Amino acid sequence: MVYILSQPQCFKLFKRSTVHLSLSLLMHIVLCRRCMMLVAQLLRGAVRHAGSSGQSSITAVRGVSSSSHRFAAFGRTPPPSCPDTDHPKILITGGLGQLGVGLTKLLREQFGKNNVILSDIRKPPNHVYHNGPFIFSDILDFKNLEEIVVNNNISWLVHYSAVLSAVGESNVTLAKEVNITGLHNILDIATKHALRVFVPSTIGAFGPSSPRDPAPELCVQRPRTIYGVAKVHAELMGEYYHHRYGLDFRCLRYPGIISADSQPGGGTTDYAVQIFHAAVKSGCFECYLRRDTRLPMMYIDDCLRATLEILEAPAETLPSRTYNISAMSFTPHDLTQEIQKVLPDFQVTYNVDPVRQAIADSWPMALEDSAARRDWGWKHEYDLSELVQAMLTHVTTGNQLVQAN
Ligand SMILES: NC(=O)c1ccc[n+]([C@@H]2O[C@H](COP(=O)([O-])OP(=O)(O)OC[C@H]3O[C@@H](n4cnc5c(N)ncnc54)[C@H](O)[C@@H]3O)[C@@H](O)[C@H]2O)c1
Ligand SMILES: C[C@@H](O)[C@H](N)C(=O)O
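Start counting at 1 in the sequence shown, then tack on 426, and there's your number in the numbering used here.
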């Protein structure tokens, strides 16, 4: 005899957390699709469990249907009651931006696919969705964020959600909400649930009265953008929570990050990504910054490795909780010349955007990062020539793949 259950019937069945589902009973019922996924998870856990204890029945997970978010997460990640190893369980907010997908890949390689949950308020592309756990999370929704942290047994939180410098100047209200109110939610939840929390800061946390060449770790910070003001606020709040409540807060001031397979999200340094795509596709590029605008920059692989390194660093090696990290500094003209060594016909023209130029002029030309090198062994691998080689190779290969498909 076979029983076919509808979704509500399945919910009822699983809601009774004390019920024991025997394997023979399961063989006679056909569950709805979502519940089949849950049962598969339970069976996997039971097989592991049976291997050690010899039991052959499965206890339904308590309260499994009490929340749709929790249920969705169970469908895609192991239940919190069966952590597969001692690895941290990591949540990345704002993970669909320029940096999040790459960091997710690196952290999954290090800690296991199911231990890293990517989240954002946008719908992920198919290849991201199918690559590991993804969940909707709006950092402005405190309750939803806390529920995700608790239900998934999160121990580390990487907070990437942000509104970047140029977009922030065009929508100050949104930047205040996401970059300040959102950060408060993150710090409060991280403190309440004893999480390790990583919040990136930026060269944008310095301003025109900061020393510019190079900007040291500790100096005057009076940024002129809402993005920069929010990042100084994040640095200070994180350090305050660390000293006041013992929060394990870790922060790196990133330079402008350059990546081949992810697009920048509306910052002032975006030109340094766009230029490579233009060089490969059309052989010409119109730059919105002046040719002599020198800014600190870094290849994404170095940035993500630095992030993993500070996340893993033993607390006693971190006398400071906010570090500069640096790799190279260049102007649009320097970058053009380096690209022209490979693509001699590449042409760049300049059409300066006054908003982004004013932002860039208020930022440092270089960062001083000796504390990171001394305290936790930071070392960059990519200088300008290696960056250009890597970017041109990746962008060209990416283009060929797109054309081939
Ligand atoms: N990319 C860089 O050059 C650079 C340099 C310095 C610092 N940073 C910092 O690194 C972090 C990641 O940068 P990025 O370049 O990937 O940013 P991005 O702008 O590309 O992505 C930010 C993500 O945040 C998400 N987001 C916006 N509002 C949200 C909300 N309410 N809830 C949840 N998510 C929300 C967006 O959907 C987006 O996917 C940011 O904090 C940024 O300030 C980046
Ligand atoms: C520098 C960094 O914070 C970001 N890329 C921006 O330009 O806004």
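Ideal Cβ placement from N, Cα and C applies to all residues, glycine included. None of these values were measured; they are calculated from a predicted model.
Can you give the beta carbon distance from M754 to L810, rounded, assuming they're within the 8 Å contact cut?
5 Å between Cβ atoms; contact.
CB of A588 within 9 Å of CB of V604, strictly:
yes
Where G803 falls, given that 16 or more other Cβ within 10 Å makes a residue buried:
exposed
Cβ of R548 within 8 Å of any heavy atom in ligand 4?
Ligands present in the displayed structure are limited to ligand 1 and ligand 2, and ligand 4 is not among them.
Classify S483: buried if its beta carbon has 16 or more other beta carbons within 10 angstroms, exposed otherwise.
Low per-residue confidence applies at S483: pLDDT is 29, beneath 50, and the placement is therefore not dependable, though the value from the model is reported in the following sentence. Classification of S483: exposed, given that the 10 Å Cβ count is below 16.
Just tell me which of T757, G664, K805, L544 has its CA closest to the CA of E794.
K805
State yes or no: is the C-beta of I684 within less than 9 Å of the C-beta of L813?
yes
Taking Cβ positions, are A686 and F772 nearer each other than 9 Å?
The answer is no: Cβ separation not under 9 Å.
Based on the DSSP output, what are the partners of R782 in its beta bridges?
Looking at the DSSP output, R782 sits in no beta bridge, so it has no partner there.
Identify, in the order they occur along the chain, each residue of the same chain with its Cβ nearer than 6 Å to the Cβ of G691, setting aside the five sequence neighbours on each side.
So the list reads G523, Q524, L590, once near-sequence residues are dropped.
At which residues does the alpha helix (DSSP H) containing S591 begin and terminate?
591-596
Over what stretch of residues does the alpha helix (DSSP H) that includes P370 continue unbroken?
Since the first residue shown for the chain is 427 and the last is 831, residue 370 is missing from the structure and cannot be characterised.
Does the segment 733-752 come close enough to the segment 695-712 that 3 or more CB-CB pairs lie under 8 Å?
no
Closest residue to S746 among Y714, P780, C677 (Cα-Cα distance)
C677
Does A660 pass the burial test, meaning 16 or more other C-beta atoms within 10 Å, or should it be called exposed?
buried
In three-state terms, what does DSSP make of V625?
coil
Any non-hydrogen atom of ligand 1 within 8 Å of S755 CB:
Answer for S755: no, Cβ out of range of ligand 1.
Should the segment 619-637 be regarded as contacting the segment 645-655, the criterion being three or more beta carbon pairs within less than 8 Å?
Taking 8 Å as the limit for Cβ pairs, the verdict is that the segment 645-655 does touch the segment 619-637.
Integer Cβ distance of P790 from A641, believed to fall under 8 Å
4 Å
Given I701, which residues of its chain have a CB within under 8 Å of its CB, disregarding the five upstream and five downstream residues?
F711, C713, P758, L761, T762, I765, V774
Quick check: is any heavy atom of ligand 1 less than 8 Å from the C-beta of D718?
no
Could you check whether L621 and W582 sit closer than 9 Å to each other, using their CB atoms as the reference points?
yes
Determine the direct distance from the alpha carbon of K549 to that of F675, and round the result to whole angstroms.
29 Å
Could you pull out every residue in the same chain whose Cβ sits closer than 8 Å to the Cβ of A816, ignoring the five residues on either side in sequence?
A686, Y725, D727, Y808
CB-CB under 8 Å to D787, same chain, minus the five flanking residues each way: which ones, in chain order?
In its chain, beyond the 5 residues on either side, P634, T719 have a beta carbon closer than 8 Å to the beta carbon of D787.
Where does A582 fall in DSSP's three states?
A small correction: the amino acid at residue 582 is Trp; Ala does not occupy that position in the sequence shown. Residue state, collapsed to three classes: strand.
Here's the rule: buried if 16 or more other CB atoms are within 10 angstroms of the residue's CB, otherwise exposed. What is H585?
buried
Any heavy atom of ligand 2 closer than 8 Å to the Cβ of T628?
yes
Just to confirm, does G608 get its C-beta within under 8 Å of one of the non-hydrogen atoms of ligand 2?
no
Proximity below 9 Å, CB of S563 to CB of T519
Cβ atoms of S563 and T519: closer than 9 Å.
Reference V527, options H668, T823, V658, P551, closest by Cα:
P551
Please state if the CB of D779 and the CB of L730 are separated by a distance shorter than 9 Å.
no
Alpha carbon to alpha carbon, what distance is there between V655 and R679?
14 Å
Cα separation between N570 and I543?
15 Å
Backbone CA spacing between G664 and F560 [nearest angstrom]
26 Å
So that I know if they touch, is there some Cβ in chain C lying closer than 9 Å to that of P640?
The chain labelled as chain C is not found in the depicted structure, where only one protein chain is given.
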